[in-house]
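Structure follows, in structure tokens:
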């Protein structure tokens, strides 16, 4: 063959390149692979896609790369759409990627939807279970990374709006495998400590993987279990996570979250107090005015201006009563006098006087008879008494003693009747009819047979 | 829940919210005008006192410092400048 029949490298490469560009399959290929040799460069990106057995170089131009919504990382599994071309200077074929999505998003999305449905059915999203925010909170907990923009934005906003609010940061891992358990743990600590009026939980923007901890069921349940209002601020405005659904309030940005927990700004609060104070003073003035006018009205009343009038009624009544008295009393006296005269004349006519004198003489007569009867009776009893006394006298022991009998008594007054009553040597009293004899017993002799 | 929240804020005297509500209650009552004068006078004094207290609270309250809760449960001042870097 003539050397002129040989192809130049350039011609061959152009031919090969044309084979690629003319092939419709090569112009739009869908490739799934793992990112390799990736190191972000300022403009266009050069890296590889590989799987276990092969590798292909890729280029991604600045305009296409700017549209990627997630953070591209080494080792990440991706789904790429692009075309295959030849880079003539090096003779390499490469894939020019136009669109890039993380692989596995389908699986994550499915998991997200499943959990979403489950929690919604359980009622975790229900509005009525949510707590109201305090108008004047004192302390708010923030569960987020200590190094992110989130805590910084929250502090800045709170200082501007309601600087008295104390912010307490619970430094939390918000990315990676340990993030979910750490968020759950810190929320639990907030729940246990009292004295917080609300809690903000969140992190800054990132890929769906970065935000994934906030789609975990454990985090969702920890948020639902909070005893204080929860404000979520996860990712950018377009990102919505399960945490956002479960939280009482979803803030698009950390600044908005800080605004949620400071619903009343300091100057608003000052205005409120000022307004209330003004109302208070006005109300008081109105009340005093009202009472004053009532007092004035009372003072202006007839009673105070013409007190005489108060007695008008009484004076009139006294007059009327006096008139009736003057008219009625003499008439009654006249009537009574007539009745008296009539009664007196009736008394004379009835002969009562005569009857009285008759009764009087009868009474005297009866009294005399009574006296006489009494005297007779007394005389009778007196005679009876003297005759009985005589009879009694005959029976008296004194009479017996008058015939020479005597009785003997001991010094103690005991009457000595039997020989046994006497003791030899004893002094005894012998009672006679006209006196007493003192005697001594010298001997005694009992008659036998007499007991 | 509400109970635990109340106990949390009951430690000192009344909260700002409670004071403000009391002030509003007094104002509403005085505005209705059906309060006996003696009572109105004492309520007015009470209201003025509360308003003064609230105003003072807002004016004099020191700005709260951001804190960080350490793992040991200690509260430390949170240095915002350092976190920005």
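Chains as they are written, first to last, in the working numbering: chain Y, 6 to 456; chain R, 39 to 123. Quick reminder that beta carbons are idealized off the backbone N, C-alpha and C, glycines included. All values reported here derive from a predicted model rather than from experimental measurement.
Q: Run the CB neighbour count on residue 144 of chain Y, radius 10 Å, all protein chains shown included, and call it buried at 16 or more, exposed below.
A: If you draw a 10 Å sphere on the C-beta of residue 144 of chain Y, you find 16 or more other C-beta atoms in it, and that means buried.
**Q.** Burial state of residue 420 of chain Y (16 or more Cβ within 10 Å)
**A.** exposed
Q: Flag this pair as yes or no: are the beta carbons of residue 109 of chain Y and residue 82 of chain Y separated by less than 7 Å?
A: yes
Q) If we count the other Cβ atoms within 10 Å of its Cβ and call it buried at 16 or more, is residue 100 of chain Y buried or exposed? A) Buried, by the Cβ-count rule.
**Q.** Residue span of the beta strand (DSSP E) that contains residue 99 of chain Y, given as start and end
**A.** Note, residue 99 of chain Y: beta strand (DSSP E), 97-107.
Q.
Measuring straight from C-alpha to C-alpha, what distance separates residue 201 of chain Y and residue 166 of chain Y?
A. If I take the Cα positions, the gap works out to 18 Å.
Q) With distances taken from CA atoms, which of Y:223, Y:32, Y:117 and Y:72 is nearest residue 50 of chain Y? A) Y:72
Q: Please work out which residues of its chain come closer than 6 Å, Cβ to Cβ, to residue 100 of chain R, disregarding the five sequence neighbours upstream and downstream, and give them in chain order.
A: none
Q) residue 179 of chain Y: which of Y:283, Y:414 and Y:211 sits nearest, CA to CA? A) Selected option, being the one with the closest Cα: Y:211.
Q. Interface residues of chain R around residue 188 of chain Y at Cβ under 9 Å?
A. Result: empty, since nearest Cβ-Cβ is about 14 Å, beyond 9 Å.
(Q) Check whether the segment 59-78 of chain Y and the segment 29-42 of chain Y touch, using three or more Cβ-Cβ pairs below 8 Å as the test. (A) yes
(Q) So, does the segment 172-186 of chain Y touch the segment 292-304 of chain Y, judging by three or more C-beta pairs under 8 Å? (A) no
Q.
Can you look up residue 25 of chain Y in the DSSP assignment and give me helix, strand or coil?
A. Residue 25 of chain Y falls in the helix class under three-state DSSP.
Q | 7 Å Cβ cutoff met for residue 209 of chain Y and residue 155 of chain Y | A | yes
**Q.** residue 480 of chain Y burial status per 10 Å Cβ neighbour count (16 or more: buried)
**A.** Chain Y is shown from 6 up to 456; residue 480 of chain Y falls before or after that span and cannot be answered.
Q: Spatial neighbours of residue 54 of chain R within its chain, please: CB distance less than 7 Å, with the 5 preceding and 5 following residues excluded, ordered by chain position.
A: 92 and 95
**Q.** Close Cβ partners of residue 57 of chain R (< 6 Å) along its chain, the five nearest in sequence each way excluded
**A.** 88 and 92
Q: Determine the DSSP secondary structure at residue 354 of chain Y, reduced to helix, strand or coil.
A: helix
(Q) Would you say residue 105 of chain R lies against chain Y (beta-carbon separation less than 7 Å)? (A) Chain Y contact via Cβ: present.
Q: Spell out a yes or no on whether the segment 99-114 of chain R and the segment 317-327 of chain Y are touching, meaning 3 or more CB-CB pairs, one atom from each, closer than 8 Å.
A: no
Q. Is the Cβ of residue 140 of chain Y closer than 7 Å to any Cβ of chain R?
A. yes
**Q.** Pairwise C-alpha distance: residue 152 of chain Y and residue 112 of chain R
**A.** 19 Å
Q. By Cβ distance below 6 Å, which residues in the same chain neighbour residue 5 of chain Y in space, the five residues on each side in sequence not counted?
A. Beyond the ends of chain Y as shown, which are 6 and 456, falls residue 5 of chain Y; an answer cannot be given.
(Q) Counting only Cβ pairs nearer than 8 Å, list the residues of chain Y close to residue 62 of chain R. (A) 281
Q) If residue 89 of chain Y sits next to residue 25 of chain Y, beta carbons under 8 Å apart, how far is it from one beta carbon to the other, in whole angstroms? A) 5 Å
Q: Count the other C-beta atoms from every protein chain shown that fall within 10 angstroms of the C-beta of residue 49 of chain R, then say buried if there are 16 or more, exposed otherwise.
A: Note that residue 49 of chain R has pLDDT 36, beneath the 50 cutoff, so the model's placement of it is unreliable and the number below is only indicative. The residue is exposed, with fewer than 16 neighbouring Cβ atoms inside 10 Å.
Q: Indicate whether the contact test is met: 3 or more Cβ pairs, each with one atom in the segment 11-19 of chain Y and one in the segment 44-64 of chain Y, closer than 8 Å.
A: Contact between the segment 11-19 of chain Y and the segment 44-64 of chain Y is absent, with fewer than three C-beta pairs closer than 8 Å.
Q: Give a yes or no on whether the C-beta atoms belonging to residue 288 of chain Y and residue 61 of chain R are separated by under 7 Å.
A: By the CB criterion at 7 Å, residue 288 of chain Y and residue 61 of chain R fall outside the cutoff.
(Q) Does the CB of residue 69 of chain R have a neighbour CB from chain Y at under 7 Å? (A) yes
Q) Buried or exposed: where does residue 416 of chain Y fall if 16 or more other Cβ atoms within 10 Å of its Cβ makes it buried? A) exposed
Q | Start and end residues, alpha helix (DSSP H) containing residue 237 of chain Y | A | Where residue 237 of chain Y is concerned, there is no enclosing alpha helix (DSSP H), although the beta strand (DSSP E) it sits in stretches over 235-239.
Q. List, in order along the chain, the chain Y residues whose C-beta lies closer than 9 Å to that of residue 53 of chain R?
A. Within 9 Å Cβ-Cβ: 139, 141 and 143.
Q.
Tell me the residue span of the alpha helix (DSSP H) that contains residue 199 of chain Y.
A. Element bounds for residue 199 of chain Y: n/a, residue is neither H nor E.
Q. Using Cβ-Cβ distances below 8 Å, what residues of the segment 168-181 of chain Y are close to chain R?
A. 168, 169, 170, 171, 172, 173, 174, 175 and 176
Q) For the segment 265-276 of chain Y, which residues have a beta carbon sitting closer than 8 Å to at least one beta carbon of chain R? A) 271, 274 and 275
**Q.** Chain-ordered chain Y contacts of residue 101 of chain R [CB-CB under 8 Å]
**A.** Chain order gives the chain Y residues near residue 101 of chain R as 164, 168 and 169, where near means a beta carbon separation below 8 Å.
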